[in-house]
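Heads up: the sequence lines are chains A and B, in that order. This note's numbering numbers the first residue of the first sequence as 584 and each following residue consecutively. This note's numbering numbers the first residue of the second sequence as 233 and each following residue consecutively.
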Amino acid sequence: MIKLSRKNLVIPYALFLALFVVAPLLVILYLSFTDSNGAFTFGNFAKFFGDPTYITTFLYSLAIAVLTTLLCLLLAYPVAYILARSKWNKKMILVLLFVMPMWINFVLRIAALRELLNLLGLVGQSTGFLKTVIGMVYDFLPFMILPLYTTLIKMDKSVLEAASDLGANNRQVFFKAVVPLSLPGIVSGITMVFMPSMTCYVVSDVLSERTFEVLGNLIERNYMDNWNFASAIAIVLLVIIGIVMLFTYRFEDHDVNARGGGLW
Amino acid sequence: MKKTFALMLTALLCAGLFAVFPASPALAEDNVLYVHNWEQYINEEYVFGKEVNGTFVESETGFKAYYESLYPGETVEVVYTNFGTNEIMYNDIRTGKGQYDLACPSDYMIERMKNEDMIETLDLSRLTEYTRNVSPLFSDTFEQIGIADYAVGYMWGTMGMVYNPETVSASDMSSWAGLWNALYANKMTIKDSVRDTYFAGVGMVYRDELLELRSRNELDPADPDYLDDEAYNAAITEVFNRTDDETLAKVENALKLQKALLYGYEVDSGKTDMIAGKIDVNFAWSGDAVYTMDYAQYGDPDEMTEEELENWEAVLLNYAVPEEGSNLWFDGWVMLKNDGLTEAQRAQKQKMAYAFLNYLSLPETAAANMDFIGYTSAIAGDAVFDQIDDWYGVEEGDEGYTVDLTYFFDGTLSQDRLTDGRAVVTVAELGRQFSAQYPTEDIIKRCAIMQDFGDRNQALLDMWGRVKGSTLPAWAIILIVVVVVAAAAAVLIVMAVKKNKHKKRRVVSRG
Numbered sequence: 584m585i586k587l588s589r590k591n592l593v594i595p596y597a598l599f600l601a602l603f604v605v606a607p608l609l610v611i612l613y614l615s616f617t618d619s620n621g622a623f624t625f626g627n628f629a630k631f632f633g634d635p636t637y638i639t640t641f642l643y644s645l646a647i648a649v650l651t652t653l654l655c656l657l658l659a660y661p662v663a664y665i666l667a668r669s670k671w672n673k674k675m676i677l678v679l680l681f682v683m684p685m686w687i688n689f690v691l692r693i694a695a696l697r698e699l700l701n702l703l704g705l706v707g708q709s710t711g712f713l714k715t716v717i718g719m720v721y722d723f724l725p726f727m728i729l730p731l732y733t734t735l736i737k738m739d740k741s742v743l744e745a746a747s748d749l750g751a752n753n754r755q756v757f758f759k760a761v762v763p764l765s766l767p768g769i770v771s772g773i774t775m776v777f778m779p780s781m782t783c784y785v786v787s788d789v790l791s792e793r794t795f796e797v798l799g800n801l802i803e804r805n806y807m808d809n810w811n812f813a814s815a816i817a818i819v820l821l822v823i824i825g826i827v828m829l830f831t832y833r834f835e836d837h838d839v840n841a842r843g844g845g846l847w
Numbered sequence: 233m234k235k236t237f238a239l240m241l242t243a244l245l246c247a248g249l250f251a252v253f254p255a256s257p258a259l260a261e262d263n264v265l266y267v268h269n270w271e272q273y274i275n276e277e278y279v280f281g282k283e284v285n286g287t288f289v290e291s292e293t294g295f296k297a298y299y300e301s302l303y304p305g306e307t308v309e310v311v312y313t314n315f316g317t318n319e320i321m322y323n324d325i326r327t328g329k330g331q332y333d334l335a336c337p338s339d340y341m342i343e344r345m346k347n348e349d350m351i352e353t354l355d356l357s358r359l360t361e362y363t364r365n366v367s368p369l370f371s372d373t374f375e376q377i378g379i380a381d382y383a384v385g386y387m388w389g390t391m392g393m394v395y396n397p398e399t400v401s402a403s404d405m406s407s408w409a410g411l412w413n414a415l416y417a418n419k420m421t422i423k424d425s426v427r428d429t430y431f432a433g434v435g436m437v438y439r440d441e442l443l444e445l446r447s448r449n450e451l452d453p454a455d456p457d458y459l460d461d462e463a464y465n466a467a468i469t470e471v472f473n474r475t476d477d478e479t480l481a482k483v484e485n486a487l488k489l490q491k492a493l494l495y496g497y498e499v500d501s502g503k504t505d506m507i508a509g510k511i512d513v514n515f516a517w518s519g520d521a522v523y524t525m526d527y528a529q530y531g532d533p534d535e536m537t538e539e540e541l542e543n544w545e546a547v548l549l550n551y552a553v554p555e556e557g558s559n560l561w562f563d564g565w566v567m568l569k570n571d572g573l574t575e576a577q578r579a580q581k582q583k584m585a586y587a588f589l590n591y592l593s594l595p596e597t598a599a600a601n602m603d604f605i606g607y608t609s610a611i612a613g614d615a616v617f618d619q620i621d622d623w624y625g626v627e628e629g630d631e632g633y634t635v636d637l638t639y640f641f642d643g644t645l646s647q648d649r650l651t652d653g654r655a656v657v658t659v660a661e662l663g664r665q666f667s668a669q670y671p672t673e674d675i676i677k678r679c680a681i682m683q684d685f686g687d688r689n690q691a692l693l694d695m696w697g698r699v700k701g702s703t704l705p706a707w708a709i710i711l712i713v714v715v716v717v718a719a720a721a722a723v724l725i726v727m728a729v730k731k732n733k734h735k736k737r738r739v740v741s742r743g
């Protein structure tokens with residue numbers, strides 16, 4: 584008889600984790616360090632880092648992810664701030680307005696954006712990077728607004744009043760109190776935007792008419808004919824995201840309890 | 233009580249996890265035929281049946297009825313599945329994702345599967361309907377490339393350019409160079425597929441050589457330089473299938489030049505973009521070309537109302553196959569090897585498979601499939617021949633263009649359809665849907681079949697990767713990497729310093 588304890592209740596998820604998360608990861612790891620005959624090799628990684636085209640694609644992907652995250656942060660922070668401080672009766676409608684795009688299918692939205700950018704005259708090879716960034720910002724902005732909004736709205740107003748009482752002007756209150764207190768929200772926003780914008784390739788495919796490539800495209804193109812190389816690229820991507828997450832984690836661990844949770 | 237409930241829930245969840253994997257596909261029944269085909273590549277209503285008010289009604293013209301008339305008292309079930317690309321299908325079979333009896337790969341993939349011993353040799357004496365109705369074009373071609381005993385022809389076509397004659401000159405589109413013409417910058421799309429795009433690239437870089445071969449074919453047969461049709465076709469097939477390093481480098485350069493002129497690469501959007509008038513040139517397979525021209529001319533019958541269809545402003549698009557030569561492609565049915573069967577099971581499987589292939593090779597089935605798919609069947613015969621008149625024939629009293637299709641229909645038609653022993657049709661117009669479906673013999677002559685890249689596959693993929701991606705100069709890469717690493721290091725240092733300050737402050741305040 585299995586004893587019912589918290590430990591046992593975890594079994595279903597542990598099984599799920601083992602089967603669908605850990606096992607595929609191990610397979611990818613194995614494939615990335617072997618050649619098509621199953622022999623151990625570093626060749627897949629050597630090939631990736633030895634080819635200027637792959638490195639360029641890699642740098643572009645990184646640049647797109649960083650730019651998208653920064654732009655989202657710049658756009659979302661004021662919005663979230665205004666939303667959090669506005670009167671409650673209007674607030675829900677406003678939040679709804681910003682989150683509603685997420686209710687519409689992502690591919691449809693990108694298809695619509697494709698037509699719109701065409702109308703605006705953004706055609707041709709040179710616009711691929713710009714269009715991809717626009718598309719990513721458009722798509723992932725709600726993922727930045729929501730965590731920011733939830734941290735800002737939970738913020739203890741008395742702290743801000745105390746800051747003012749102690750002689751801080753509005754600017755100082757904002758930069759010395761509001762921003763540091765909302766760091767957990769910023770961190771989870773960055774996490775939520777950076778990760779998908781590093782891996783997503785539908786946006787660049789549709790908007791650039793498949794003339795601009797990100798790492799996701801490399802994986803997609805190679806996985807049919809060369810699983811080993813595709814796996815190696817996936818591992819590189821995983822490591823990069825891991826490093827960035829480590830960076831953000833250093834900010835996060837200051838105050839675990841005040842994380843931008845709630846809606847997430 | 234609570235505990236038991238929770239425990240049951242846990243057990244249930246665990247069970248649910250395993251329910252994701254079906255125990256094993258129901259392979260036990262011996263009268264099931266597993267067919268793996270391209271998406272939207274068969275007239276399902278005609279071949280299988282359709283749903284009426286929630287119940288499935290078997291088609292009277294369908295395979296089941298055919299099978300039961302062949303073998304009275306016996307039944308057959310078809311499990312019909314789809315794939316999206318040859319590579320996906322190949323991996324489906326290789327990784328044992330499913331058990332398939334019949335599959336429908338393209339030319340080069342049939343070659344690869346044959347070389348890798350994945351498919352059965354066919355007994356042509358059991359394919360009576362196929363051998364009776366298949367177009368001589370395909371029985372000859374299959375013989376030539378050595379797959380006559382391995383595949384049954386299904387659909388075929390050429391590759392060429394769909395273009396809008398109002399904005400694009402026909403003479404520009406008569407050559408591969410048309411796809412490199414700066415006049416049409418940002419108005420052209422090409423397939424986002426290494427095989428098709430590479431083919432266009434080879435056509436471009438060797439166009440002088442290809443044209444010279446063509447002119448040698450047009451010489452007087454007495455001339456020592458003369459190439460007969462067979463030698464000419466063999467020569468261009470060699471050119472189009474070159475994958476040596478020098479060719480690869482040349483094609484890479486050509487494709488990079490072309491990329492700057494393209495509106496984009498496409499997988500499926502080329503058809504709709506062409507119909508919407510966003511682009512003027514689309515590099516396409518003939519079957520897709522027919523679809524595009526149809527919809528541009530008549531509108532979309534599935535999406536539009538009667539009224540909209542009536543008010544549709546017809547755009548007449550054209551289809552052209554480059555003079556230098558192009559690609560003749562086909563898809564064919566192959567029977568997959570299966571070692572897990574007993575002799576009796578194998579015999580039963582083959583009986584069903586041969587019946588299915590014979591059924592697909594009936595001219596009536598072929599015509600029904602063509603009607604649904606819009607591609608051209610490798611099956612000839614009366615019903616297929618009559619369909620041409622039905623679709624493209626002239627109105628009474630009008631003069632049309634007479635085209636000789638003997639090369640395709642020879643030996644498959646009944647006497648009353650022949651004119652002086654030849655299969656001649658009179659159609660209302662040329663250069664459009666009809667020409668895409670049935671190219672002239674002259675065009676067929678200059679179309680080459682693509683072979684499997686074999687061990688050059690990776691080199692081609694890498695080349696294609698360099699075309700699709702962009703490449704920064706080495707100094708820029710180094711500069712960027714240095715800057716990024718420096719920035720990361722700076723952030724780390726600043727954070728470390730701050731942490732130390734924190735600690736110091738704490739120590740001070742405590743003291």
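Using N, Cα and C, we set each Cβ at its ideal position, and we do this for glycine too.
Interface flag, residue i vs chain A, CB-CB below 8 Å
i      : result
B:I325 : no
B:A255 : Because the pLDDT at B:A255 is just 38, under 50, the model does not fix this residue reliably, and the point stays unresolved.
B:K503 : no
B:M345 : no
B:N485 : no
B:A706 : yes
B:I342 : no
B:M496 : Residue 496 of chain B is actually Gly in this sequence, not Met. Taking Cβ atoms only, chain A reaches closer than 8 Å to B:G496, which makes this a yes.
B:D520 : no
Local conformation of residue i per DSSP, three classes
i      : result
B:E538 : helix
B:D476 : coil
B:T608 : strand
B:C679 : strand
B:Y551 : strand
B:F515 : strand
B:K581 : helix
B:V723 : helix
B:T672 : coil
B:N689 : helix
B:R448 : helix
A:F812 : helix
B:S558 : strand
B:S501 : helix
Minimum Cβ-Cβ distance from residue i to chain B less than 8 Å
i      : result
A:E569 : Any answer about residue 569 of chain A is impossible in this case: the structure gives chain A only from 584 up to 847.
A:M727 : no
A:G707 : yes
A:L886 : In the structure displayed, chain A extends from 584 to 847; residue 886 of chain A sits before or after that span and is not available.
A:L654 : no
A:L801 : yes
A:R589 : no
Of the listed residues the options, nearest to residue i (C-alpha basis)
i      : options                        : result
B:Y495 : A:D788, A:N809, A:M807         : A:D788
B:G653 : B:S667, B:Q690, B:D636, B:G663 : B:D636
A:P635 : B:D404, B:R649, B:D642, B:R698 : B:R698
A:T774 : A:S709, A:T652, A:L696, A:T794 : A:T652
B:L493 : B:A414, B:M536, B:L541         : B:A414
B:A383 : B:P337, B:M420, B:E306, B:D571 : B:P337
When Cβ atoms are compared, which residues of the segment 676–701 of chain B fall closer than 7 Å to chain A? Here the close residues are N689, Q690, L693, G697, R698, K700, G701.
Return the residues of the segment 539–569 of chain B that lie within a Cβ-Cβ distance of less than 9 Å from chain A, sorted by chain order. none
Of the residues that make up the segment 777–793 of chain A, which ones have a beta carbon closer than 9 Å to any beta carbon in chain B? D788, V789, S791, E792, R793
Every unbroken alpha helix (DSSP H) inside the segment 340–380 of chain B [4 residues or more]: 360–365, 368–376
Taking any Cβ of chain B, which residues in the segment 621–644 of chain A have a Cβ under 9 Å from it, in chain order? K630, D634, P635, T636, Y637, I638, T639, T640, L642, Y643
Determine which residues of the segment 805–819 of chain A have a Cβ less than 8 Å from any Cβ of chain B, and write them out in chain order. N805, M807, D808, N809
Whole alpha helix (DSSP H) runs in the segment 262–320 of chain B with 4 or more residues, listed along the chain? 276–279, 295–302
Name, going along the chain, the residues of the segment 415–433 of chain B whose beta-carbon falls closer than 7 Å to a beta-carbon of chain D. In the structure shown, chain D does not exist; the protein chains are A and B.
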